[in-house]
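Here the structure is laid out as structure tokens; the discussion comes afterwards.
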Amino acid sequence: MIGIAVRSFAHHRAAATATGLVSLVGTILVTAMMALLGTGLATTTAAADRSFLVQFPLIMGGWIVAIVLFAMVSTISVAVGGRAGEIAGIRLIGATPRQVQRMLAVETAVIAAVTALPGLAGGYLVGGVVAAAVRSAGLTAAASVYAPGVLLPVLGMLIVSAASVLAAWIGSRALARRSPVADASPARRRRTGRARRVAAMVVIVAGLTSSAAVFALDPADVLTTAMTGPGCVLVAVGLCVLAPELIAAANALHRPQAAAPSRLAAINLAAAPDRVRPAATFLTLFVGVAAGTLSMQGIENTTTGTATGSAQVLASINYLVVALLTAFMAIALTNNLIASIARRRPEFATMSLIGSTHAQTRRMLVREVGTAAAVSAVAGSVGAFVTVLPFAVVKTGDPLRAAAPLPYVITIAVGLAITLGVTSAAGRRVIRRT
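In the working numbering, each number is its position in the sequence shown, counted from 1, plus 38.
Listed below in structure tokens is the structure:
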């Protein structure tokens, strides 16, 4: 299996590149936070700065690891989905599901090993840039120099590598266990869907519980922010797991027009929803976390301001969360959309043979992704509003403060611009070559 895994890279360079980019960026972000943590624990750091330089990377690092793991699972699931025929062939010649999972885990381990050292070097650089920005903002003293050490950044690199292998094992489980000679039975598909929906509801309830816990806290307590932030992440992740249901809702709400691209988009959403699943998954996560975090910080700024040291710490964490999430989601979304669109080259070629123009095919593709993206943006916004609602009530007494439009408008505009822009560009490139 190890030999097969290594040789498979020659035939799956695009999927390996997509996985490698997500792993590389994830390694950079995690090792940067571990480098800051090493600086906070260093003996040369001023005692007054130690609390910030320990709390900041621990909170950020935990969020980033969770998001990287989820992004890796989604990326690998998309990549593996394009290899269903190959995996069925391997199963037919005697490979067990566990062997297939092991092969894909080894492939991912090799990719993670290749990206580990560049990611570690990038993490040192990003950590230094963040430390300099924090120092220039006056959050730490000039005497607290950047001293990341070696042990903690290397540990961060190993954490991402382990998370990548775990993501490969999880993301390949369903396809590895699928029968190589027949589609899964309807009963089996219902059981699988039921388990996924139950898991999603458990995660959403956990997020809502974390968010609702602020009702028992004093409005001035910093734990109000610390409980709301993870709530946004958990609810957004739970909604992402419900991506198939979001796509089904998009198809139900989609009203095809008389034009052929619109009708074809409706047919594709109903027949093959997995094609637009990356857009629904990553856009829901992005809108849910980014809009929720920005809305929460907006409320915090208008009620308590950022004059105190703890308020500055929390504001810095929240804004950096959004910035890093935007960059990471843009990379992950771009990779997954390009991979899923490239897999449809035979379909586009067939459409061309039966008379569809390149412009019609491209409009069909944009309508598919646009419909799924619109529903995902709404779902992410609802998730963000619900999780920020208790925070708004505790801080201001006005639940409508959780619905301040600017954070949602900015987040949705950025998310849709990335999604539709990548879809149009990648679709034009692939369709033109058919």
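We put the beta carbon where it would ideally sit given N, CA and C, even for glycine. Only a predicted model underlies this, so the values are computations on that prediction, with no experimental measurement involved.
- Take the alpha-carbon of I337 and the one of A244: they are about 23 Å apart.
- Taken through DSSP and simplified to helix, strand or coil, V426 comes out as helix.
- Bounds of the alpha helix (DSSP H) holding L458 are 443-470.
- Taking R400 as reference, the option from L391, I379, S419, S414 with the minimal CA-CA separation is I379.
- Between A422 and A329, the C-beta gap is smaller than 8 Å, which places the two residues in contact.
- By the criterion of a C-beta distance shorter than 8 Å, V468 is surrounded in its chain by I379, A380, R382, R383, F386, once the five residues flanking it on both sides are discounted.
- Of the other Cβ atoms in all chains shown, 16 or more fall within 10 Å of the Cβ of T77; this residue is therefore buried.
- One Cα belongs to R234, the other to R215, and the distance between them is close to 16 Å.
- Counting along the chain, the unbroken alpha helix (DSSP H) around T263 starts and ends at 261-279.
- The alpha-carbon separation between V164 and L107 amounts to approximately 20 Å.
- Between the alpha carbons of A287 and T372 lies a distance of about 23 Å.
- Burial is judged here by how many other beta carbons sit within 10 angstroms of a residue's own beta carbon; M389 has at least 16 and is buried.
- If one requires a minimum length of 4 residues, the alpha helix (DSSP H) runs lying completely within the segment 40-121 are 40-45, 51-79, 85-119, in chain order.
- In this structure L438 is exposed. Its beta-carbon is surrounded by fewer than 16 other beta-carbon atoms within 10 angstroms.
- When secondary structure is reduced to three states using DSSP, G393 falls in the coil class, being assigned neither helix nor strand.
- Where R315 is concerned, the enclosing alpha helix (DSSP H) starts and stops at 315-341.
- DSSP, read as helix, strand or coil, puts T399 in helix.
- The alpha-carbon separation between G166 and A53 amounts to approximately 31 Å.
- Here Y184 carries a coil assignment [DSSP, helix/strand/coil].
- Taking a contact to require three or more Cβ pairs closer than 8 Å, the segment 87-94 and the segment 110-123 do not qualify as touching.
- Counting only the Cα atoms, I305 lies some 36 Å from G269.
- Boundaries of the alpha helix (DSSP H) harbouring I208: 189-209, taken from the DSSP string.
- The DSSP-derived three-state label of T134 is coil.
- R471 counts as exposed, since fewer than 16 other beta carbons sit within 10 angstroms of its beta carbon.
- Counting only residues of its own chain and dropping the five nearest sequence neighbours on each side, K433 has a CB closer than 6 Å to the CB of P257, I337, T341.
- A contact is defined here as three or more CB-CB pairs under 8 Å, and the segment 261-278 fails this definition with respect to the segment 452-465.
- When secondary structure is reduced to three states using DSSP, S217 falls in the coil class, being assigned neither helix nor strand.
- Between the alpha carbons of M239 and S115 lies a gap of roughly 21 Å.
- Under the DSSP assignment, A309 falls in the alpha helix (DSSP H) whose first and last residues are 298-309.
- V188 is classed as exposed because its beta carbon has fewer than 16 other beta carbons within 10 Å across all chains shown.
- Contact between the segment 56-69 and the segment 148-161 is present, with at least three C-beta pairs closer than 8 Å.
- If you draw a straight line from the Cα of I125 to the Cα of T322, it comes to about 30 Å.
- Between I376 and A464, the C-beta gap is smaller than 8 Å, which places the two residues in contact.
- Contact check between the segment 189-202 and the segment 95-113: three or more CB pairs, one atom from each, fall below 8 Å, which counts as touching.
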